Structures are given as structure tokens and as C-alpha cells.
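Colleague: Encoded as C-alpha cells, here's the structure I'll be asking about.
There are 2 protein chains.
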Amino acid sequence: MANCAVAASIDVVGTRSAILVLREAIFGTRRFEDFVRRVGIGEPAAAARLKELTAAGLLERVPYQEPGQRTRHEYQLTSKGMDFQPVVYALLQWGSKWETDEAGPPLRATHRDCGAPVGVRIRCDDGHDVDPDDVAIEAGPGLITIP
Amino acid sequence: MANCAVAASIDVVGTRSAILVLREAIFGTRRFEDFVRRVGIGEPAAAARLKELTAAGLLERVPYQEPGQRTRHEYQLTSKGMDFQPVVYALLQWGSKWETDEAGPPLRATHRDCGAPVGVRIRCDDGHDVDPDDVAIEAGPGLITIP
DNA sequence: TGCCTGACTTCTGTTTGTCTAAGTCAGCCT
DNA sequence: AGGCTGACTTAGACAAACAGAAGTCAGGCA
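Residue numbers (our numbering), protein chains in the order written: chain A, 1 to 147; chain U, 1001 to 1147.
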């Protein structure tokens, strides 16, 4: 098996509902029933996904209390979870371009300062914008050789 | 169901093996048995995924012939498939940061011109680099209202 | 003509993901 | 003390994803 960081990522967010839950968390959802309703999955699936993502360190279950209410728990993104944002915006960008129906995208992510839609760009560590054709794939230190 | 371009994307590449097959295609794999071997899945799964991705327009099945060999078919990325590269590089970036074991990443994507590792950055259409915290989510024209 | 090989397809069985429906449980409020 | 509500958990059924092994098929070649 030609393993790779991509596969490692998929082990964490490998199901449709996991990515959707994470998307909602990034979009600001915090409470259990909101995840259920907005992701459009059943309660058992939501509970399982939230538990897994919490165990994997992308979400954190923190207590909170609204005045006059009993204490509850909400799910907050950790920095590990926040680092997943480029993946979600990349999916959003691709889906908006290729899979949107006539009505246009239901949700839009925009830059708070200027209002322009956000997406992602491929960029190297030296700061150059990189064209997809100019990416070279090479063996890294942890390569498991492919026979 | 709070649908969204993210969900539309996931409908196309919703399974673990679909993303892995697409990753391999982006990394340069073309032939059936190479997909099977490098993705590390069984032949039936590979065949199903290649067929689905071809039907969805991310891959194209084109005939080719090596000298002295009979005609075969290989799978080439279409422009729709190439546009998926940011998603794969975003997963690669996240996995390299958070899920890599002691050996380091097995594969590295680098900028051909300067050799630096590539990743993705969130960027708005006006060209600003956008901090994840500065992204605003708003309703777009196609929003299905959430009760 | 028949062999050979890469590219699938078919079959069978297991695991995983998901649903609906029906509990359970904690703790503030009356 | 008992009700209510949001947050789960449990149970049972079903569909999809996937593996492994074996079979099919096309077409260049000897």
C-alpha cells in the first residue's frame, strides 16, 4: 500500500458525514442538535462522528452554561481542526465550480475585510504561486517502497 | 439538509478509495494495475472507482499503444479532475502536519522551479491572503433555508 | 490456431455507515 | 418531588464499501 499523508488524513475524516460535520464546525456550529439538523444526518451518526473527531483531536468538548439553563457541552474546533479549513474551502471551491446547480451556491465563504469570495491556491513554502502543472511529486524520507 | 458545494463534492469523491484513486491520478498513475497496486485496494473497488470518476468527468479513458503491444486504455485527468488538485494538496498538507509518523512524509509535493514543498493557502478573489479567522460564511443565492 | 497478458467482471462474504424508533439521563425549574 | 428538555445511547434493519478468489475477454504474437 502506497501510504501517504493523504491516506492518513482520510483515516481521520474518511466518511462523508465526518467531513460534513467538520464543515459545519468550521462554519460555526457548536451544539449537538444543530449538527444533526444542519448536516442532515441521524443522531447516532452525529454522536459517533463527534466522538471520533473529538478523540482525533479536531474538536474539543467544552462545558458552557447559558443563564437560567443547565450546564451543557459544545464542540469547539481545536487548532488541529482549524488547520483543516483549507481542505473544506478547497472542496467548496471545487464544488462551486463544477457541481453547483442553477440556483448558485447555497453558502458562500467570503473575506471579512473585502467581501470577496475565498478559495485556495497552491503555493510553495518560498511563497511562489504554483501552477498545478508545476508540482513535482517525489519520494520523501518515510517512503514505503512500491515494488 | 443544509446542502452546500462541499456536500456536492463529497457526492463525487465520497469514499476513501475515490480520493485515493484521484490522488494517484494526480501523482501520475495512468494504468489500471498501477492504481490497484499503489492505492492498495482490490481490483473490483478500483474498477468501480475509475468507472465512477470517469462518468463524473474527472478522468478520461483514452486508448494508447506501446510499440509491439496491443492497444490499451489509460486514465487521464480532465480539467475537472485537475481542478481537484488543491483538495489533495490540502489533505497532504494537513496530514503531513498532524498525522505523520516519525519517519516523515512518504511522498512530498514540491515546486518544480524552486524545490520548496507545496501546500495551499486560503486566498480571496481580490488576491488577499486570508487568515482562517477572517472568513465569513454567508447565505448565497441557492440557500435552502434551515428551519 | 492457440497462447499469453493486462484489464477488467463476477461471486461471495464481511465490515462499516446509516437510518428510524425508542429509550436513558442529567439537572434546572416550578 | 416531579416535569421538561437537550443530549445522547441502544436496538434492529438495511445498504454500501470492500476484500479475495476465480472467471472472462480482447488482441497482438508465435
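A virtual CB, placed ideally from N, CA and C, is assigned to each residue, including glycine.
Here the structure is a predicted model, which is why all the values come from computation and not from measurement.
So, helix, strand or coil for U/Asp1150, using DSSP?
Modeller: Residue 1150 of chain U falls outside the range modelled here, since chain U spans only 1001 to 1147, and no answer is possible.
Colleague: Could you say if the region 65-74 of chain A and the region 1113-1132 of chain U meet the contact criterion of at least three C-beta pairs nearer than 8 Å?
Modeller: Segments in contact, no.
Colleague: Going along chain U in order, which residues have a C-beta closer than 8 Å to the C-beta of A/Glu52?
Modeller: None at all; the shortest Cβ gap to chain U is about 14 Å.
Colleague: What in chain U is Cβ-close to A/Pro117, meaning under 8 Å?
Modeller: In chain order: Cys1124 and Asp1125.
Colleague: Please report the straight-line C-alpha distance between U/Arg1023 and A/Val6, rounded to a whole angstrom.
Modeller: One C-alpha to the other measures close to 8 Å.
Colleague: Below 9 Å on C-beta distance, what does A/Val120 contact in chain U?
Modeller: Those are Pro1086, Val1087, Tyr1089, Ala1090, Val1120, Arg1121, Ile1122 and Arg1123, listed as they occur along chain U.
Colleague: Starting from the Cα of A/Leu77, find the closest Cα among A/Leu50, A/Pro44, A/Gly68 and A/Gln93 and give me that residue.
Modeller: The shortest C-alpha separation from A/Leu77 is found at A/Leu50.
Colleague: Drop a sphere of 10 angstroms on the beta-carbon of A/Arg61, count the other beta-carbons inside from all chains shown, and report buried for 16 or more, exposed for fewer.
Modeller: Under this definition A/Arg61 is an exposed residue.
Colleague: U/Gly1119 by DSSP, collapsed to three states: which one?
Modeller: In this structure, U/Gly1119 counts as strand in the three-state DSSP scheme.
Colleague: For a contact meaning CB atoms closer than 7 Å, what does U/Pro1044 contact in chain A?
Modeller: Those within 7 Å of U/Pro1044 in chain A number zero; the least Cβ separation is about 17 Å.
Colleague: Could you name the residues of chain A that U/Leu1020 contacts, counting a contact when the two beta carbons are closer than 8 Å?
Modeller: Correct list: Val6, Ala7 and Ile10.
Colleague: Would you mind telling me which residues of chain U sit closer than 9 Å to A/Glu138, beta carbon to beta carbon, in chain order?
Modeller: Simply Leu1107, Arg1108, Ala1109 and Thr1110.
Colleague: Flag A/Ser79 as yes if its beta-carbon sits less than 7 Å from any beta-carbon of chain U, otherwise no.
Modeller: Cβ-Cβ to chain U under 7 Å: no for A/Ser79.
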